[in-house]
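> In the order they appear, the protein sequences are chains E and Z. The first sequence begins at 1 in the working numbering and counts up by one. The second sequence begins at 1 in the working numbering and counts up by one. No residue lacks a Cβ here, since even glycine has one placed at the ideal position from N, Cα and C. Since this is a predicted model, take the numbers as computed values, not measurements.
2 protein chains.
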Amino acid sequence: MTETARANLENLYRIFTVPEAPDSTLGAIDQAISKNVADFLQKHVVALERSLEDIEKDFSHSQIPDEPTFVSEYTTFVKEKLVAQSVHTAAPGFIGHMTSALPYFMLPLSRIMMALNQNLVKVETSKAFTPMERQVLAMLHRLIYAGEDSFYQQWIHDSRHALGAFCSGGTIANITALWAARNRLCGPRDDFAGLAIEGLPRALDSLNCAGLAILVSRRGHYSLGKAADLLGIGRKQLILVDTDANNRIDMASLREAYNRLQQQNIRVLALVGIAGTTETGHIDPLVEMADFAAEVACHFHVDAAWGGPTLFSDTHRHLLRGIERADSVTIDAHKQLYVPMGAGMVLFKDPHTLTAIEHHANYILREGSKDLGSHTLEGSRPGKAMLVHAGLSIIGRRGYELLIDLGIERARRFAEMIVAHPDFELVTAPELNILTYRYHPAWLQQQMANLDSQRRQHINDVLDQLTREVQKRQREAGKTFVSRTRLRSPVYGTQQITVFRVVLANPLATDDILEAVLAEQRDIVSSPDLQELLSSITDICQLTAPNCC
Amino acid sequence: MTETARANLENLYRIFTVPEAPDSTLGAIDQAISKNVADFLQKHVVALERSLEDIEKDFSHSQIPDEPTFVSEYTTFVKEKLVAQSVHTAAPGFIGHMTSALPYFMLPLSRIMMALNQNLVKVETSKAFTPMERQVLAMLHRLIYAGEDSFYQQWIHDSRHALGAFCSGGTIANITALWAARNRLCGPRDDFAGLAIEGLPRALDSLNCAGLAILVSRRGHYSLGKAADLLGIGRKQLILVDTDANNRIDMASLREAYNRLQQQNIRVLALVGIAGTTETGHIDPLVEMADFAAEVACHFHVDAAWGGPTLFSDTHRHLLRGIERADSVTIDAHKQLYVPMGAGMVLFKDPHTLTAIEHHANYILREGSKDLGSHTLEGSRPGKAMLVHAGLSIIGRRGYELLIDLGIERARRFAEMIVAHPDFELVTAPELNILTYRYHPAWLQQQMANLDSQRRQHINDVLDQLTREVQKRQREAGKTFVSRTRLRSPVYGTQQITVFRVVLANPLATDDILEAVLAEQRDIVSSPDLQELLSSITDICQLTAPNCC
Chain E
1 MTETARANLE
11 NLYRIFTVPE
21 APDSTLGAID
31 QAISKNVADF
41 LQKHVVALER
51 SLEDIEKDFS
61 HSQIPDEPTF
71 VSEYTTFVKE
81 KLVAQSVHTA
91 APGFIGHMTS
101 ALPYFMLPLS
111 RIMMALNQNL
121 VKVETSKAFT
131 PMERQVLAML
141 HRLIYAGEDS
151 FYQQWIHDSR
161 HALGAFCSGG
171 TIANITALWA
181 ARNRLCGPRD
191 DFAGLAIEGL
201 PRALDSLNCA
211 GLAILVSRRG
221 HYSLGKAADL
231 LGIGRKQLIL
241 VDTDANNRID
251 MASLREAYNR
261 LQQQNIRVLA
271 LVGIAGTTET
281 GHIDPLVEMA
291 DFAAEVACHF
301 HVDAAWGGPT
311 LFSDTHRHLL
321 RGIERADSVT
331 IDAHKQLYVP
341 MGAGMVLFKD
351 PHTLTAIEHH
361 ANYILREGSK
371 DLGSHTLEGS
381 RPGKAMLVHA
391 GLSIIGRRGY
401 ELLIDLGIER
411 ARRFAEMIVA
421 HPDFELVTAP
431 ELNILTYRYH
441 PAWLQQQMAN
451 LDSQRRQHIN
461 DVLDQLTREV
471 QKRQREAGKT
481 FVSRTRLRSP
491 VYGTQQITVF
501 RVVLANPLAT
511 DDILEAVLAE
521 QRDIVSSPDL
531 QELLSSITDI
541 CQLTAPNCC
Chain Z
1 MTETARANLE
11 NLYRIFTVPE
21 APDSTLGAID
31 QAISKNVADF
41 LQKHVVALER
51 SLEDIEKDFS
61 HSQIPDEPTF
71 VSEYTTFVKE
81 KLVAQSVHTA
91 APGFIGHMTS
101 ALPYFMLPLS
111 RIMMALNQNL
121 VKVETSKAFT
131 PMERQVLAML
141 HRLIYAGEDS
151 FYQQWIHDSR
161 HALGAFCSGG
171 TIANITALWA
181 ARNRLCGPRD
191 DFAGLAIEGL
201 PRALDSLNCA
211 GLAILVSRRG
221 HYSLGKAADL
231 LGIGRKQLIL
241 VDTDANNRID
251 MASLREAYNR
261 LQQQNIRVLA
271 LVGIAGTTET
281 GHIDPLVEMA
291 DFAAEVACHF
301 HVDAAWGGPT
311 LFSDTHRHLL
321 RGIERADSVT
331 IDAHKQLYVP
341 MGAGMVLFKD
351 PHTLTAIEHH
361 ANYILREGSK
371 DLGSHTLEGS
381 RPGKAMLVHA
391 GLSIIGRRGY
401 ELLIDLGIER
411 ARRFAEMIVA
421 HPDFELVTAP
431 ELNILTYRYH
441 PAWLQQQMAN
451 LDSQRRQHIN
461 DVLDQLTREV
471 QKRQREAGKT
481 FVSRTRLRSP
491 VYGTQQITVF
501 RVVLANPLAT
511 DDILEAVLAE
521 QRDIVSSPDL
531 QELLSSITDI
541 CQLTAPNCC
């Protein structure tokens, strides 16, 4: 062995055996985060936005470096180029996304999880993590379905059944639910071995139908489209049913859609209800949907990725009434359970449902083993369930209730602020803790009602442009952040309008911060080019209705 | 607000604003892991195994606790009940699974990643993490396909294309590859809008064929069966082709399988080559497979989840020759890139392939944006790519080469030890760093060749029982660990036998440790009940061939 080779080998062993010194560059950052993560993020995440094109220059090499880099050198790069240019998702003024500040205990517990590096696919590489994950699934199952003690005693650790599946997020959870629903509908019968074995085309023959469809409202999450594609159903068969004025599925339209499918001899694989739409936080009429699903005998899935934890609240739980009749429910842990990114779950009312997607392998997932991997879409998986277990234990039902109640109250107060301010327009009032609004100056609001639809449309187009521009500049300034989306408002008929979207899940987002968000937006609007944009509306109005502005 | 409510609210704010004190129970564990993770694991993970049924008792409550628990109290529970009963995956004597020790820098860097809590689905919640992840994909792409500088300059940050998809692991990577292959084969044509829109049954009509199939050897990973089910193809259409004596796909059998499908008018959606089978670490003849895929014009996917990083080695890279002709390649980062659990990738030769699964949504993933979420199966995802970026930068090509070379050399030495020991039988020799073997006493090996197949089968059944028992007791003793699987050995025809499976990826697994693994197995075999089991073979032989033993 050459001297260089020996030196390289020694260095290699070092990175596996010698911890980072506390006074090293990386050790110091580690300490700083341990001591005060909020302070660390405040100091190191740069507020003012560099353009993405500019940031890309720091990540443009496609060649893997030949020689090793010192950890200290790499850490400096991470600090200056990655951390500095990341998004301060935990900042209380960042109320545009579904990622909140994390409880402090999550970070040191995450380190334990990372250090243990368990693989939940099988007991041999996860041991106690397997029953722990099953317990988490049982706890969430019970939160939704409120079964008897004896039910959970029977199923919680039953190796041949599962109360749900833990996964990397709500998308995989929704896909898993629809996968199980599809395979159950197309199960073995007579000389047909089931869709899982024989495939979808043969399954349609067996069911003697022309296709399968999924029914959901227009506000359904984009993961459902992915599921329709992935499962071979086709996006065209994801039927987007019209909503009422409150973004809830319209039951009459649902029935019509169902009847149309019947006429085409298309079977409904699942009806999906939403408990907290991503864009507006509204909840579908779950009781009526459950009735309908029972009537037409189809799988009823509820996507409660966002709204599920509302079940913790004695005050607001009633909003989700009917969820306990769902065959499956998606809940994201990295949203309102305040767990770091990458944790979702799907729960199944009937512990037998997941057997429709069961699979085994020789070297792992042996039949009858307690390996969790036999009922999940993913294979190797980390022990993230530990952090859900920690949240449920440390925060408890009462703590989560407080978080939910706080968010909903704050959203209502924010809605009041918006309504109270003559130059803002509340587009969707919060049912949970999400609302949408836009800047719409009082003088324009007053005139708009009297204009014809063509001019209204034109004004909305200009306001859309304004909203986009305000949202962008606010984000770039880096002090506060709201997101934006496009949706229909009953006030403007079928025209989609662009709106600010606000999610109030961060308990540190105080009323002062909300006031500051509105103040900053007014401030941005007052800049000369945006005032000019607004006055272009006046021109248009003058052209066609001289006295309107 | 009542006094209790106020107190609860204050406590709630505390968990979001007050860091764990360094001298608290959790703070102390955090410090201990920072200082010396190996020492922490050594001290806290209990070697001796409790039964799973016993462990389950600690995780049997299905009710979420009403009231909060003190962090210190919960941490004590975690330490005593979860950490103590987890698996010491990093122990150098644990050579049965694909999870190795982690380089030390991974833990503090993981903490930075967790603290930032970015969501890679869209730029608005990940900023610099988006170009960083795209860079990682480009680096791995280049490792495999060795494109020109100009190629990567063009595509690395191109918003409408992707060189690959980052995901939670190899299973999602394989599914993504086959999903893209299926949709590309069944793309839009004439009045058919494509499978993604219209679904699989209409796609078969459009292609004028009776079904789709996936071809892979018998050693294919179980995720491919999941993919066949999920994608609506059906497990029956995952055609498992026979292997040669070295666990590599038999090309003549492949051609026969293909011809049979042709006769049934079934189109091949993808041919899958394996670079490092999960059970034996063998590599398919990728050049011949690439030729065949080109001849029949089908998508060629290589599952290099395990073996991909062999490309770092100047000495062993040639084993993977042909991989550069694959349309897509899976590589797991949590295997031989030494990243914590939950990181995989799929790379696509042609940057246009992933457009076959592209999807958009109003509030995120707007068309033309650089949001990574438009090309991934998963939705919200953590910034795990950062840890791959760190590994590639800090360890470098030379470092990974050393790790690969070390593992392969060590596996060869372990194979020599096994062969040298008269009471062990090497079942599959290592091509990479995986091998299988079993305990098979010399006296029995000598006789076995002369016995008829029925008696050989009987003896193998008894040896299977012995292997299972030894593996179980070794695991339970907790000092060392090998896994087990069942496979065919050319020596015993079509009968599957149970074998020990060893994976040598932990650079700290020295020769001494390997000797200790064998010594412990001999020791277990010497226990009276297992000796009795072995002597039952003598009885059988005496019964049917008195002089044989």
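Can you check whether the C-beta of ASN117(Z) is within less than 8 Å of a C-beta belonging to chain E?
Cβ-Cβ to chain E under 8 Å: yes for ASN117(Z).
> Grouping DSSP H, G and I as helix and E and B as strand, with all else coil, what is PHE40(Z)?
PHE40(Z): helix per DSSP, three-state reduction.
> Distance, Cα to Cα, HIS221(Z) vs ALA385(E)?
When rounded, the distance between both Cα atoms is 25 Å.
> Look at the Cβ atom of LEU466(Z), then the Cβ atom of LEU534(Z), and state whether they are nearer than 8 Å.
yes
> Would LEU176(E) and CYS167(E) be called neighbours here (beta carbons separated by less than 8 Å)?
Going by the sequence as given, residue 176(E) is Thr instead of Leu. Yes, these two residues count as a Cβ contact at 8 Å.
> Is PHE312(Z) buried or exposed, if buried means 16 or more other CB atoms sit within 10 Å of its CB?
Counting Cβ neighbours within 10 Å, PHE312(Z) comes out buried, since at least 16 surround it.
> Give the secondary structure of GLN85(Z) by DSSP, where H, G and I count as helix, E and B as strand, and everything else as coil.
Of the three classes helix, strand and coil, the one that applies to GLN85(Z) here is coil, per DSSP.
> Apart from the five residues on each side of it in sequence, which residues of its chain come closer than 6 Å, Cβ to Cβ, to ALA213(E)?
GLN237, ILE239, LEU261, ILE266, VAL268
> Can you tell which of THR4(Z), VAL296(Z), LEU320(Z), HIS301(Z) has the C-alpha that lies nearest to the C-alpha of GLY307(Z)?
LEU320(Z)
> In angstroms, rounded to a whole number, what distance separates the CA positions of VAL470(Z) and SER150(Z)?
Spanning the two alpha carbons is a distance of roughly 56 Å.
> Which of the residues in the region 137 to 163 of chain E, read from start to end, lie with their CB under 7 Å from any CB of chain Z?
ALA138, MET139, ARG142, LEU143, TYR152, ILE156, HIS157
> Quick one: what's got a C-beta closer than 6 Å to ALA545(E)'s C-beta in the same chain, skipping five residues either side?
Note that ALA545(E) scores 40 on pLDDT, short of 50, meaning its location in the model is unreliable and no value can be drawn from it.
> In the DSSP assignment, what residue or residues form a beta bridge with MET345(E)?
PHE166(E), ILE331(E)
> How is VAL45(E) classed by DSSP in three states: helix, strand or coil?
coil
> In chain E, which residues lie with their C-beta within 7 Å of the C-beta of LEU9(Z)?
LEU402
> Using a C-beta to C-beta distance shorter than 8 Å, which residues of chain Z count as neighbours of VAL78(E)?
LEU109, ILE112, MET386, ALA390
> Would PHE59(Z) pass as an interface residue toward chain E - the criterion being a Cβ-Cβ separation below 8 Å?
yes
> Comparing alpha-carbon positions, which option in GLY93(E), VAL18(E), ARG6(E) lies nearest GLN42(E)?
GLY93(E)
> Report the option in HIS282(Z), MET289(Z), ALA304(Z) whose CA atom is closest to the CA atom of ALA270(Z).
MET289(Z)
> Do you know how far the Cα of VAL46(E) is from the Cα of LEU551(E)?
Absent from the structure is residue 551(E), since the part of chain E shown begins at 1 and ends at 549.
> Throw me the rounded Cβ distance for the ILE357(E) and TRP155(E) pair, which I believe falls under 8 Å.
Going by Cβ atoms, the distance from ILE357(E) to TRP155(E) rounds to 17 Å, so no, they are not a contact pair.
> Under the three-state reduction of DSSP, which class applies to PHE481(Z): helix, strand or coil?
strand
> In terms of DSSP beta bridges, what is VAL517(Z) paired with?
Beta-bridge pairing links VAL517(Z) to no other residue.
> For GLY170(E) versus ASP284(E), is the C-beta distance shorter than 8 Å?
Cβ atoms of GLY170(E) and ASP284(E): not closer than 8 Å.
> Can you find a heavy atom of the ligand SAH that lies under 7 Å from the Cβ of HIS299(E)?
The ligand SAH is not part of this structure, which contains no ligands at all.
> Using the beta-carbon count (16 or more within 10 Å), is ASN547(E) buried or exposed?
At ASN547(E) the pLDDT is 43, less than 50, meaning the model places this residue with poor confidence and gives no usable figure here.
> Taking contact to mean at least 3 C-beta pairs separated by less than 8 Å, is the region 333 to 352 of chain Z in contact with the region 110 to 124 of chain E?
yes
> Quick one: is VAL525(E) near chain Z, going by C-beta distance under 8 Å?
no
> Looking at the unbroken beta strand (DSSP E) that takes in ILE274(E), where does it start and where does it end?
266 to 274
> For the beta strand (DSSP E) holding GLY211(E), just list the boundary residues, first then last.
211 to 217
> CB-CB under 6 Å to LEU543(E), same chain, minus the five flanking residues each way: which ones, in chain order?
For LEU543(E), the predicted structure reports a pLDDT of 43, less than 50, and the residue's modelled location is therefore unreliable. The matter cannot be settled from this model.
> On the DSSP bridge assignment, give the partners of LEU238(Z) in chain order.
ILE214(Z)
> Have a look at HIS301(E) and SER328(E) and give me their C-alpha separation to the nearest angstrom.
So the two alpha carbons sit approximately 5 Å from each other.
> Can you list, in chain order, the residues of its chain with a C-beta nearer than 8 Å to that of SER536(E)? Leave out the 5 residues immediately preceding and following it.
VAL462
> What residue range does the alpha helix (DSSP H) around ARG398(E) cover?
Segment 396 to 420, the alpha helix (DSSP H) holding ARG398(E).
> Which chain E residues sit within Cβ distance under 7 Å of GLY379(Z)?
GLY169, GLY170, THR171, SER223
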